[in-house]
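As structure tokens, the structure follows; a few thoughts come after it.
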Amino acid sequence: MAEQHGRQSALAGLGLDAQARISTRGAGEAGVRLGERPWRAQLALRGDPESEAFLTGVESVLGVAPPTAPLTVSSRRGVACLWLGPDEWLVTLPDRREPRAIARLEERLAGLHFAVNDVSHARTVLGLAGPRAREVLMKGCALDLHPRSFGPGRCAQSSLARCHVLLHQLDAEPAYDLYVHRSFAEYAWRWLCDAAAEHGLAIVAD
Amino acid sequence: MLLIECPWCGPRDEQEFGYGGEAHIVRPADPHALDDAAWGEYLFMRTNRKGAHRERWVHSEGCRRWFNVVRDTVSHEILAVYRVGEAPPAAGRRGE
Chain A
4 MAEQHGRQSA LAGLGLDAQA RISTRGAGEA GVRLGERPWR AQLALRGDPE SEAFLTGVES
64 VLGVAPPTAP LTVSSRRGVA CLWLGPDEWL VTLPDRREPR AIARLEERLA GLHFAVNDVS
124 HARTVLGLAG PRAREVLMKG CALDLHPRSF GPGRCAQSSL ARCHVLLHQL DAEPAYDLYV
184 HRSFAEYAWR WLCDAAAEHG LAIVAD
Chain B
1287 MLLIECPWCG PRDEQEFGYG GEAHIVRPAD PHALDDAAWG EYLFMRTNRK GAHRERWVHS
1347 EGCRRWFNVV RDTVSHEILA VYRVGEAPPA AGRRGE
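Heads up: the protein sequence lines correspond to chains A and B, in order.
As numbered in the working numbering, residues 4 to 209 make up the first sequence, in order.
As numbered in the working numbering, residues 1287 to 1382 make up the second sequence, in order.
The structure is reproduced here in structure tokens:
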């Protein structure tokens, strides 16, 4: 595996830690809290959702089975498995857990029809939370995010202000994780800052 | 703007989709056995139907799956959506 010293998060150039120190005073009354949550290990997992051996094999390694219901997430102890398509998932893990997870998946699923790849560097995660977070997303995303059709434990891929995004709702506050491609991260960040300004925005550290 | 029902993701905005042209066009099993006219027929000629039209769409911003849609080419009304490999519903056979 390549040496990882000197790596930078997608938004390293924006000085977010300094911004977070300045804005923490107002975090309590802010309508929206926004922060980069870098260094999530991410695996692209593909396999046959009809194969019991595949589903149980993944569960025995990760602790969560790939969800077969569209647009859902199964998560447990810092590991989440997000539905991307009928035979495709994004697995997220704590930082640096990915080499061992890949090795164990390959060992456990040997002989089955599957694929697992490390895509940790493809996307960064923007954490968007607060009582007004949904209003911010509604400005640039055509998804129906009303609680009657979207809630905690749901995920969806769509576009946010012309930028491809994987949206994962974490809780009912609401809090969301937005997975954006690294090269779009600064654009998405600046768009979110602008969209959230009217609701009172606090920048928070991970 | 159309609201298209992806078979997996549910109703989504048309902007999330790509268009793939007429559905159910079968590639000839042995292209070398065809003359130019027959190959051209397969490659370029489409029905250009007025009314219910069976066509392919891909949910490129979402689950990235291809599927079939029956759309009225006059009103843009979407009459049916079905997965690849499924038989087209009766609405798509109207006027054949």
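Using N, Cα and C, we set each Cβ at its ideal position, and we do this for glycine too.
Hey, would you say residue i sits closer than 7 Å to residue j, going by beta carbons?
i                 : j                 : result
Ser77 (chain A)   : Pro70 (chain A)   : yes
Val119 (chain A)  : Leu108 (chain A)  : yes
Thr127 (chain A)  : Ala13 (chain A)   : yes
Leu173 (chain A)  : Gln160 (chain A)  : no
Glu1291 (chain B) : Val1360 (chain B) : no
Glu101 (chain A)  : Ala44 (chain A)   : yes
Phe1330 (chain B) : Pro1293 (chain B) : no
Asp92 (chain A)   : Thr75 (chain A)   : According to the sequence displayed, residue 92 (chain A) carries Trp and not Asp. Cβ atoms of Trp92 (chain A) and Thr75 (chain A): not closer than 7 Å.
Ala34 (chain A)   : Arg137 (chain A)  : Checking the sequence, you will find Gly at residue 34 (chain A) rather than Ala. Cβ atoms of Gly34 (chain A) and Arg137 (chain A): not closer than 7 Å.
Val139 (chain A)  : Ala198 (chain A)  : yes
Would you please verify whether the beta carbon of residue i is less than 7 Å from any beta carbon of chain B?
i                : result
Gln160 (chain A) : yes
Pro73 (chain A)  : yes
Ala44 (chain A)  : no
Ala145 (chain A) : yes
Going by DSSP, what residues sit across from residue i in a beta bridge?
i                 : result
Ser77 (chain A)   : A:Cys84
Ser162 (chain A)  : A:His167
Pro177 (chain A)  : Pro177 (chain A) is not bridged to any residue.
Cys1292 (chain B) : B:Gly1296
Leu93 (chain A)   : A:Ala47, A:Leu85
Phe117 (chain A)  : A:Gly50
Asn1354 (chain B) : B:Arg1342, B:Tyr1368
Could you tell me the alpha carbon to alpha carbon distance between residue i and residue j, rounded to whole angstroms?
i                 : j                 : result
Tyr1305 (chain B) : His116 (chain A)  : 30 Å
Pro89 (chain A)   : Leu1320 (chain B) : 37 Å
Ala21 (chain A)   : Ala208 (chain A)  : 9 Å
Gly130 (chain A)  : Arg40 (chain A)   : 6 Å
Arg36 (chain A)   : Ile206 (chain A)  : 6 Å
His1310 (chain B) : Leu1288 (chain B) : 22 Å
Gly1381 (chain B) : Ala1338 (chain B) : Below a pLDDT of 50, predicted positions are generally treated as unreliable, and Gly1381 (chain B), at 46, falls in that range; the measurement from the model is reported next regardless. Answer to the nearest angstrom: the Cα atoms are 8 Å apart.
Glu1300 (chain B) : Val1356 (chain B) : 15 Å
Phe1303 (chain B) : Pro1297 (chain B) : 11 Å
Leu163 (chain A)  : Glu110 (chain A)  : 38 Å
Val61 (chain A)   : Arg79 (chain A)   : 13 Å
Leu58 (chain A)   : Cys144 (chain A)  : 32 Å
Tyr182 (chain A)  : Val1370 (chain B) : 29 Å
Arg1351 (chain B) : Ser186 (chain A)  : 24 Å
Ala23 (chain A)   : Ala15 (chain A)   : 13 Å
Arg99 (chain A)   : Val1344 (chain B) : 35 Å
Asp51 (chain A)   : Leu112 (chain A)  : 12 Å
Ser1346 (chain B) : Ala200 (chain A)  : 31 Å
Tyr179 (chain A)  : Cys196 (chain A)  : 15 Å
Ile1364 (chain B) : Gly1348 (chain B) : 19 Å
Tyr1328 (chain B) : Asp1358 (chain B) : 23 Å
Pro1374 (chain B) : Gly1326 (chain B) : 26 Å
With 7 Å as the C-beta to C-beta threshold (strictly closer), list the residues of the segment 1336 to 1360 of chain B near chain A in chain order.
Glu1347, Gly1348, Cys1349, Arg1350, Arg1351
Just by C-beta distance, which residues in the segment 1294 to 1320 of chain B are closer than 9 Å to chain A?
Trp1294, Cys1295, Gly1296, Pro1297, Arg1298, Asp1299, Gln1301, Glu1302
For the segment 73 to 103 of chain A, list every residue whose C-beta sits within 7 Å of some C-beta in chain B, in sequence order.
Pro73, Leu74, Leu87, Gly88, Pro89
Can you list, in chain order, the residues of the segment 126 to 151 of chain A whose Cβ is nearer than 9 Å to any Cβ on chain B?
Ala145, Leu146, Asp147
Using a Cβ-Cβ cut-off of less than 7 Å, list which residues of the segment 161 to 194 of chain A approach chain B; keep chain order.
Ser161, Ser162, His167
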